[in-house]
Amino acid sequence: MSSAAPPRDRMWRELLPPGRRYVTLPSRRHPIVVAEDRTAVLSYVRESLLAVPPPLPGWLYPAARAALTVPAVRRCVPRLTVPAPDSDAEPSGTARSTVRRLLSASGSLLLLDHSHDPDARLILLVFPPGGELPTLAVKVPALPEAAAGVVREADRLQALAALPLGEARPAVPTVVGLLRHRGLPALATTALPGMPMLVAYHRPRHHTRPAPVQADFAAAAVWLAALQSATTGETEPLDLAPRVAEVLDGQLSGAPSAERALEELHALRRRLRRYAVPQTAVHGDFWPGNVLVRGGRVSGVVDWEHARTAGNPLADPARFVVAYCEYLDRRTRPGHRVPGHPGLVAGRPGAALAYALDGTGWYPRLVRGFLGAPLRRLGLPAACGRDAVLAELAAVAAEATDPGFAHAQLRAFTRLASKEETSWPQ
């Protein structure tokens, strides 16, 4: 029987090897990043992880970058020292922690605690002695509810390892082993090089200009095409992601104003099932936060717990579109026009996705071109691109652990689904 989960701050503190100094960002009390105070680790944070997501003001990015670069300013960054324990001071529940033993015997360390969902995990990146990049990644459940996802990801990665992934293989982590901490499983995999695409996305003006956005979509398209061409299998009808219909039926049954959403969901499913396509490997959560980029190419894809060895080949491209649109208007006050995107007004849930699907301008053209490539490969009509996006929007709502976010996604789904007859440029 596992022991009760400790408070969140105690849990990440007890994972840190003692006798070392750490930098905590943005604060010592509520850190998102805990980095060992070594030049290579802080350089990695500055170059590959540092960004300021909305709603924080954009000026924080240059300020944080200076804090990690300029020695005089760097002294002001919050720090934490984990004292060496007494010989009998091993924290309760950690004596048999293979995670803690591994980290204590390893090189420099970087800990990320960027999610507070019920299924959140702490991410630990381990640097080899003298190394500039991490070579090992360890996921530790922050709460017992997250343990099943850790084991599921290990199973999915091992299943994918048996597939002929071709040119896509270097971007898929390799399972090193399942460890234990506080009676819960922890997953160790190889760490992959590159910067999360979402980090660049959140840096100043990235998603307001055509060139960097086009580069993001191009990198994603090339990697997805490689994955799908290497894993093409049996032909099956298009459909919603597994269990989406059942989950949403259960959530919406009897709910006020839910009848229209359910009608649109079942109509969407009927439209999708008119077409059959070869199944391919599917990541299942292919969004910029899970995609690492280096030199203009996808160098890594992480978080494989929703992966399938055979699934809908439109799911990953459509999920990428849904997620890329999610933050497009977040830095703009509601009711105001979004810089770089004529015709997009911030504020309404799903406004950026509606703009991408039905608007005019460089961004809608880019999105339609991105979706058009797999449609042409599969011999599908252009309207299937819109339906694939609606299917992934429904999947996001079904997967959401925040009821408010799930409700906003369903409202956006219902509005967009009612326009399914909209003519889509080829």
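Using the numbering used here, the final residue of the sequence shown is 438, and nothing's skipped along the way.
Glycine residues also receive a C-beta, built at the ideal position from the N, C-alpha and C atoms.
Source: prediction; values computed, not measured.
Worksheet item: Can you give, in chain order, each stretch of the beta strand (DSSP E) that sits fully within the region 184-249 and has at least 3 residues?
Response: 187-193, 196-202 and 247-249
Discussion item. At the level of alpha carbons, what is the spacing between Ala-420 and Arg-272?
Written reply: As a position in the sequence shown, residue 420 is number 408, starting the count at 1. As a position in the sequence shown, residue 272 is number 260, starting the count at 1. In a straight line, the C-alpha of Ala-420 is about 15 Å away from that of Arg-272.
Worksheet item: How close, in whole Å, do the beta carbons of Ala-52 and Val-35 come, if the pair is a contact with beta carbons under 8 Å?
Response: In the sequence shown, residue 52 corresponds to position 40, counting from 1. In the sequence shown, residue 35 corresponds to position 23, counting from 1. That pair is no contact at about 13 Å.
Discussion item. Just to confirm, is the Cβ distance from Leu-124 to Leu-115 under 8 Å?
Written reply: Residue mapping note: residue 124 aligns to position 112 of the sequence shown, counting from 1. Residue mapping note: residue 115 aligns to position 103 of the sequence shown, counting from 1. No, Cβ-Cβ distance for Leu-124 and Leu-115 is not below 8 Å.
Worksheet item: According to DSSP, is Arg-286 helix, strand or coil?
Response: Counting from 1 along the sequence shown, the entry for residue 286 is found at position 274. Coil at Arg-286, not helix or strand.
Item to complete: My understanding is that Gly-178 touches Ala-238, with C-beta atoms under 8 Å, so please give their C-beta distance in whole angstroms.
Response: By one-based count along the sequence shown, residue 178 stands at place 166. By one-based count along the sequence shown, residue 238 stands at place 226. Correct: roughly 6 Å between the Cβ atoms.
Worksheet item: Are Pro-182 and Leu-145 close, meaning C-beta to C-beta below 8 Å?
Response: Position 170 of the sequence shown holds residue 182. Position 133 of the sequence shown holds residue 145. Going by C-beta atoms, Pro-182 is not nearer than 8 Å to Leu-145.
Item to complete: Take Val-314 as the anchor and find which of Arg-91, Pro-386, Ser-118 and Glu-165 has the nearest alpha-carbon.
Response: Position 302 of the sequence shown, counting from 1, holds the residue named residue 314. The shortest Cα separation from Val-314 among Arg-91, Pro-386, Ser-118 and Glu-165 belongs to Glu-165.
Worksheet item: Taking C-beta to C-beta, are Ala-424 and Gly-355 nearer than 8 Å?
Response: Taking the sequence shown and counting its residues from 1, the one referred to as residue 424 is at position 412. Taking the sequence shown and counting its residues from 1, the one referred to as residue 355 is at position 343. Cβ atoms of Ala-424 and Gly-355: not closer than 8 Å.
Worksheet entry | Nearest to Ala-395 (by Cα), restricted to the options Arg-309, Ala-429, Leu-422 and Thr-110 | For the purposes of this step, residue 395 is taken as the residue at position 383 of the sequence shown. Here the closest residue by C-alpha is Ala-429.
Practice prompt. State the DSSP-derived secondary structure class of Glu-179, mapped to helix, strand or coil.
Written response: Your numbering for residue 179 matches position 167 in the sequence shown. Helix.
Worksheet item: Could you give the distance in angstroms between the alpha-carbon of Val-45 and the alpha-carbon of Gln-263?
Response: Here residue 45 is taken as the residue at index 33 of the sequence shown, counted from 1. Here residue 263 is taken as the residue at index 251 of the sequence shown, counted from 1. About 35 Å.
Practice prompt. Count the other C-beta atoms from every protein chain shown that fall within 10 angstroms of the C-beta of Asp-297, then say buried if there are 16 or more, exposed otherwise.
Written response: Position 285 of the sequence shown, counting from 1, holds the residue named residue 297. By the 10 Å Cβ count, Asp-297 comes out buried.
Fill in: DSSP state of Ser-127 mapped onto helix, strand, coil
As a position in the sequence shown, residue 127 is number 115, starting the count at 1. DSSP places Ser-127 in coil when its eight states are reduced to three.
Discussion item. In this structure, how does DSSP classify Ser-311 when only helix, strand and coil are distinguished?
Written reply: Counted from its first residue, the sequence shown places residue 311 at position 299. Strand at Ser-311.
Fill in: Span of the alpha helix (DSSP H), counted from its first residue to its last, around Arg-377
Position 365 of the sequence shown holds residue 377. Unbroken alpha helix (DSSP H) run through Arg-377: 374-390.
Fill in: Close Cβ partners of Phe-332 (< 7 Å) along its chain, the five nearest in sequence each way excluded
Here residue 332 refers to the residue found at position 320 when the sequence shown is read from its first residue. Cβ within range, chain order: Ala-232, Phe-298 and Trp-299.
Discussion item. Measuring alpha carbon to alpha carbon, tell me which residue in Gly-308, Val-187 and His-278 is nearest Ala-223.
Written reply: On the sequence shown, position 211 is the one that residue 223 refers to. For Ala-223, the nearest C-alpha among the options comes from Gly-308.
Item to complete: Enumerate in chain order the residues of its own chain whose CB-to-CB distance from Thr-292 is below 6 Å, with the five nearest sequence positions on each side excluded.
Response: By one-based count along the sequence shown, residue 292 stands at place 280. These residues qualify, in order along the chain: Gln-240, Thr-243, Thr-244 and Pro-325.
Practice prompt. Taking Pro-43 as part of the alpha helix (DSSP H), name the residues at either end of that continuous run.
Written response: By 1-based counting over the sequence shown, the position of residue 43 is 31. Unbroken run through Pro-43: none, as it is neither H nor E.
Discussion item. So if DSSP puts Leu-62 in a beta bridge, which residue, or which two residues, is it bridged to?
Written reply: Sequence index remark: in the sequence shown, residue 62 carries index 50 (1-based). In DSSP, Leu-62 forms no bridge with anything.
Worksheet item: In or out: Cys-88 buried (at least 16 other Cβ within 10 Å) or exposed?
Response: Working through the sequence shown from its first residue, we reach residue 88 at position 76. With fewer than 16 other Cβ atoms within 10 Å, it is exposed.
Worksheet item: Apart from the five residues on each side of it in sequence, which residues of its chain come closer than 7 Å, Cβ to Cβ, to Ala-107?
Response: Here residue 107 corresponds to residue number 95 of the sequence shown, with the count starting at 1. Interpretation of Ala-107 is limited by its pLDDT of 49, a score under 50 that renders its predicted location unreliable; no figure is taken from the coordinates.
Item to complete: Leaving aside the five residues before and after Ser-99 along the sequence, list all residues of the same chain whose C-beta is less than 7 Å from its C-beta, in chain order.
Response: By 1-based counting over the sequence shown, the position of residue 99 is 87. Because Ser-99 sits at a pLDDT of 45, beneath the cut-off of 50, its placement in the model cannot be relied upon, and the following sentence gives the value as read from the coordinates. Answer for Ser-99: no residue qualifies.
Discussion item. Considering only their Cβ atoms, is the gap separating Leu-134 from Ala-160 smaller than 8 Å?
Written reply: If you number the sequence shown from 1, residue 160 lands on position 148. If you number the sequence shown from 1, residue 134 lands on position 122. Contact flag unset, no.
Item to complete: Specify the secondary structure class of Glu-26 as computed by DSSP and reduced to three states.
Response: Locating residue 26 in the sequence shown gives position 14, counting from the first residue. Helix at Glu-26.
Worksheet entry | Residue nearest to Val-184 in terms of C-alpha spacing, selected from Gly-359, Ser-127, Glu-317 and Asp-414 | Within the sequence shown, residue 184 is the residue found at index 172, counting from 1. Ranking the options by Cα distance to Val-184, first place goes to Glu-317.
Worksheet item: In chain order, what residues of the same chain lie with their CB nearer than 6 Å to the CB of Thr-413, ignoring the 5 residues before and after it?
Response: As a working note, residue 413 is residue 401 in the sequence shown. Asp-129 and Pro-130.
Worksheet entry | Ala-293 - containing beta strand (DSSP E), residue span | Against the sequence shown, residue 293 aligns to sequence position 281. Its beta strand (DSSP E) spans residues 292-294.
Item to complete: Compare the C-alpha of Arg-516 against each of Pro-30, Leu-61, Ala-270 and Leu-27 and name the closest.
Response: Given that the chain is displayed from residue 13 to residue 438, the structure contains no residue 516 and the question cannot be resolved.
Worksheet item: Per DSSP, Pro-153 is paired with what?
Response: The residue labelled residue 153 in the question sits at position 141 within the sequence shown. Answer is Arg-133, bridged to Pro-153.
Fill in: Selected residue, minimal CA-CA separation from Arg-345, among Leu-369, Pro-254, Val-225 and Pro-67
Residue numbering aside, residue 345 sits at position 333 when the sequence shown is read from its first letter. Considering only alpha carbons, the answer is Pro-67.
Worksheet entry | Tyr-213 versus Gly-373, Pro-74, Ala-76 and Val-64, residue with shortest Cα-Cα distance | Sequence index remark: in the sequence shown, residue 213 carries index 201 (1-based). Looking at the Cα atoms, Val-64 is the closest of the given residues.
Practice prompt. Flag this pair as yes or no: are the beta carbons of Ala-198 and Ala-149 separated by less than 8 Å?
Written response: Here residue 198 refers to the residue found at position 186 when the sequence shown is read from its first residue. Here residue 149 refers to the residue found at position 137 when the sequence shown is read from its first residue. In this structure, Ala-149 does not lie closer than 8 Å to Ala-198 by Cβ.
Discussion item. Less than 8 Å between the C-beta atoms of Leu-284 and Leu-250, yes or no?
Written reply: The count along the sequence shown starts at 1 and reaches residue 284 at position 272. The count along the sequence shown starts at 1 and reaches residue 250 at position 238. Their beta carbons are under 8 Å apart, which means Leu-284 touches Leu-250 by this criterion.
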